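See below for the structure under consideration.
2 protein chains.
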Amino acid sequence: MTKQKELLYQQIANDLEHQISKSILKIGDKLPSLRTICVEKGVSLSTATQSYLELESRGLIESRSRSGYFVSYSHGQFKEVPSVTKPLKTSSSDDPQAVIDVLIKNASKAKVLLSSGVPSVALLPVARLNKAMTQAMRELPDSGINYERLGNLKLRQQIARRSSFWGGELHPDEIVTTAGCMDALAFCVQSVAQRGDTIAVESPLYFGIMQLARNLGLHVMELPTHPVTGVEIDALEKAMRVNKIKVCLLVTNFNNPFGSCMPASHKKAVVELLEKYNVPLIEDDLYGDLYFGNHRPLTCKSFDESGLVMYCSSFSKTLAAGYRVGWVAPGKFLDKVSRTKNYHSISCNALAHAAVANFLENERYDSHLRTLRQTLYRNTLQFQRCINDYFPAETRVSQPQGGFHLWVEFDKKVDTIDLYNKAIQHKISFTPGRLYTLQNQYNNCLRLSTGVIWNNKMEEALQLVGKLANRLCAA
Amino acid sequence: MTKQKELLYQQIANDLEHQISKSILKIGDKLPSLRTICVEKGVSLSTATQSYLELESRGLIESRSRSGYFVSYSHGQFKEVPSVTKPLKTSSSDDPQAVIDVLIKNASKAKVLLSSGVPSVALLPVARLNKAMTQAMRELPDSGINYERLGNLKLRQQIARRSSFWGGELHPDEIVTTAGCMDALAFCVQSVAQRGDTIAVESPLYFGIMQLARNLGLHVMELPTHPVTGVEIDALEKAMRVNKIKVCLLVTNFNNPFGSCMPASHKKAVVELLEKYNVPLIEDDLYGDLYFGNHRPLTCKSFDESGLVMYCSSFSKTLAAGYRVGWVAPGKFLDKVSRTKNYHSISCNALAHAAVANFLENERYDSHLRTLRQTLYRNTLQFQRCINDYFPAETRVSQPQGGFHLWVEFDKKVDTIDLYNKAIQHKISFTPGRLYTLQNQYNNCLRLSTGVIWNNKMEEALQLVGKLANRLCAA
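Protein sequences, first through last, are from chains A and B. Using the working numbering, the first residue of the first sequence is number 723, and each one after it goes up by one. Using the working numbering, the first residue of the second sequence is number 723, and each one after it goes up by one.
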């Protein structure tokens, strides 16, 4: 397992946040003076100051002039998490495409983007990626203009090396590189399921996955899902026992849009079910590297001994979506997936895959991830504070421990497509909940993307969305 | 239609080649002296010399010291073209995967590569592509690290502009960019056909297409095909009338591996059949820009008014296969194909698509194509001469007017997998004919790739393959 390199000031900030979250330090409480921190922790004044600035940027404390620092916020104040979802048990094909088309049509209108599927470019290492790309042009045979048939070896080596972070032991030869994670998911689905088969998934779930499954002629069975612990194990077992599930697809860590992260014990239980019913799992771990805690969460693949887990991921959410660099470790389906890739696409983009391999080769990626995680965590707290301050009282919101999506559940009265149409007139975009299901549900929910540069404009936008939602509640 | 910029020396060479091909100049005939050419054509001595050097590089004339230039070769000597293929009328699923696996296993052994699917890198503009890529990093918003959802506009504009070369009038909005041509073909097939449907294709045909179709659960119906004029129109009509053809896929210009190029009248006839039977056509025009004559051949899309033709191509055979830049103009299936692309892959590689767009923006691409075409034409003549000189007397060989593949048909006694196994021991690779069909046929055929740097090593390799084939004939 990876050990996050925690800087001293972060350690102090984390300790104090822990005290705030446990209500040892309550709202309004004065924090120790900077001098006290210096003495107690044996650190310099600059380190002490930095730790307080960190807590301030997390929205947990505030400085009052000449009086020192005070607790301004607490986890205890957070809204309740959304309810466990209870999607219909039968598959459905009620298509959210009409909603998607509206979003696409309005895409250019939004000035405050709370709907993005990737972190803001300002949070990504553009200049260093350009360097890695230039290096790839120089180093690749033929500057990468030829087919790259076997999948970039250096990239596969780096991915294999990093698998130890989630308790995996991947070998480079077990990894098939793909043009992004969707490509990997598509090849996996096509390798094990056919038109007419049923795929079991979490609900809510990223609409692209459900549309892909439908495009391939599959029935999509949405399963009850817990906002904290992910898919309900009992429901999954029942589906496997009663229905003919051909394949499961789960986003096990920081699911988009729900933010749930399956505890290790659930992941183990899922793998046991797979083995019992001989059902393959496509595990989409796109967000696993974006944990807020001290450790990267495990995966179902960590417990997979029978090879039933096809483990997919990419660098689209942490580095460069436009590079199209993803991969899959397909377990016992290696040959099938590898051939499906060859039949459908022959080769990946040689340069982009080499560039990411270059980027991963030294400490750059880990250092970038540390910064990105911290930013996303701060943003998440700020978003949650704003929701608490500005959204209707009965609003519920997820408390993800990673990733950059918040799931907001309003009173049933609030139609979030209606809310979206009002918000976009103010040039603010988010994603209505209806997108994340093939059934007629989640109409009172929405997804917010926290992968932004946090500033007053964001706070004002959330305030406005809250105001609009309050009006709909009152109507 | 494009008008090839023919240089003066090429014009003279072409005129003389024409006389040679019509046997106005016969083998052994002395050519006019350089001085005569100068006077008759009103050109400089250097131009006259260059035109003779050009004919020499085409393998058509030779200089004898102190005696001048003589015709050493003639088209009249060329081997007969292969027979019209007569594949079984029923679909079949006799898989050539075992042969493919052998080729993959041996790939690194070959030193003389007569089996490559792309022209040798030495024939491609690597340095200028690197420049175009660097320019893309500089010019793209966010250096191309973000999704590129609508397909690079500049690229689509350039593709639309170039469509006039084959009598098309594409609009940028009618074009869907893809990660290479296979990606485009896969999206097209998936948009109009389902598991269990039948797809009609030429035979022989690039194995990747047939494997893709089978991977998608389609029945593949191979149609009789003429080595010069492509698929037999009568057979196609009968297939549409009698069988339930869901979709056709034709490589209309310089088909790989057969080299056939459908005459414009056949293309028109095909489009009329499509309309009569309401069957969509996936037209793969991957090699259309690599014509040897004065004009780019038309396409079925040139005659398509009902939108039934999905026109696919890429820059993999002319610029950079490793960039994965392809496209499709899906006609009336635009929405379907566009959505299938979004579901399966979300976005193309932003940088590579921008780089190719940059490369196309000025005269660079056309100038590169002119050189490439000339080289491929010369190589093709040299290959044909060697086949004539070294291969068994009864050998037949295609006479493609473009592209870089030759189809060689031996006496039935020659098993080309056997021949391959012998050749690879001498580090020479080609592709056995069995690969290009799902039926048990073409076992006495092979494909040669002419996209090489022509030199003595190539001549010696062909001589050796001929020797090995002669032995198999005698056995």
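No residue lacks a Cβ here, since even glycine has one placed at the ideal position from N, Cα and C. Fair warning: this is a prediction, and the values are worked out from it, not measured in the lab.
Excluding five sequence positions before and after B:K876, the CB atoms of its chain that fall closer than 6 Å to its own CB belong to A1079, given in chain order. Considering only beta carbons, the part of the region 1049-1072 of chain B lying closer than 9 Å to chain A consists of R1061, T1062, N1064, Y1065, H1066, S1067, I1068, S1069, C1070, N1071, A1072, in chain order. Against chain B, the CB of A:S830 has no partner CB under 8 Å away; the residue lies outside that interface.
Residues of chain A with a Cβ closer than 9 Å to the Cβ of B:N868 are, in chain order, V840, V843, L846, A1042, A1043, G1044.
Rounded to whole angstroms, A:D823 and A:Y1142 show a C-alpha spacing of 13 Å. Under the three-state reduction of DSSP, B:H1017 is assigned to coil, being neither helix nor strand. The residues V911, A915, A935, L940, H941, V942, M943, I967, K968, V969, C970, L971, in chain order, have a CB closer than 8 Å to that of A:I921 in the same chain once the five nearest residues on each side in sequence are set aside.
For the C-beta of A:N937, the chain B residues within less than 8 Å are, from N- to C-terminus, Q912, R1061, T1062, Y1065, H1066. Around the C-beta of B:D895, fewer than 16 other C-beta atoms lie within 10 Å, and the residue is accordingly described as exposed.
Neighbourhood of B:Q933 in chain A, by CB distance below 7 Å: Y1065, in chain order.
Proximity to A:S865 across B:Y869, B:G873, B:A849, B:N874 peaks at B:A849, based on C-alpha coordinates.
Sixteen is the threshold: since fewer than 16 other Cβ atoms of the shown chains lie within 10 Å of the Cβ of B:H893, the residue is exposed.
In this structure B:V992 does not touch B:I931 by the C-beta definition: roughly 17 Å separates them, more than the 8 Å allowed. Residues of the region 896-926 of chain A with a C-beta atom less than 8 Å from some C-beta of chain B are A901, G902, M904, D905, A908, Q912, Q916, R917, listed in chain order.
In this structure the region 848-863 of chain B touches the region 852-868 of chain A; the number of beta carbon pairs closer than 8 Å is three or more. It is roughly 8 Å from the alpha-carbon of B:T1021 to the alpha-carbon of B:G1010. Neighbourhood of A:G930 in chain B, by CB distance below 9 Å: N1064, Y1065, I1068, in chain order. Residue pairing by DSSP places A:R786 opposite A:G790 in a beta bridge. Looking at B:Y1164, B:E778, B:A1145, the one whose alpha-carbon comes closest to that of B:L1190 is B:A1145. For A:L851, the closest Cβ of chain B is nearer than 8 Å.
Collapsing the DSSP output to three states places B:D823 in a helix. The beta carbon of B:A820 does not come within 8 Å of any beta carbon belonging to chain A, so the residue lies off that interface. Around the beta carbon of B:R1193, fewer than 16 other beta carbons lie within 10 angstroms, which makes this residue exposed. The DSSP-derived three-state label of B:I921 is strand.
Going by beta carbons, A:L1186 and A:I1150 fall inside the 8 Å limit. About 18 Å separates the beta carbons of A:S1069 and A:C903, which is beyond the 8 Å limit, so they are not a contact pair.
Relative to B:T1138, the option among B:Q1163, B:G1124, B:P1122 whose CA is nearest is B:Q1163. Contacts with chain A at 8 Å (Cβ-Cβ) do not include B:D1140. Considering only beta carbons, the part of the region 863-891 of chain A lying closer than 7 Å to chain B consists of D864, S865, G866, I867, N868, Y869, E870, in chain order.
Shown here, A:N975 sits in a strand according to DSSP, grouped into three states.
Here A:A1051 is near A:Y1033, since their CB atoms are less than 8 Å apart. Taking CB atoms only, B:A854 has no neighbour in chain A less than 8 Å away. Of all residues in the region 1074-1095 of chain A, those with a C-beta nearer than 8 Å to a C-beta of chain B are A1074, reading in chain order.
Annotation: the region 1003-1071 of chain A contains the following complete segments of the beta strand (DSSP E) (minimum length 3 residues), in chain order: 1003-1006, 1031-1036, 1048-1051.
Burial of B:T900 is indicated by the presence of at least 16 other C-beta atoms within 10 angstroms of its C-beta. DSSP places A:E997 in the uninterrupted alpha helix (DSSP H) bounded by 986-999.
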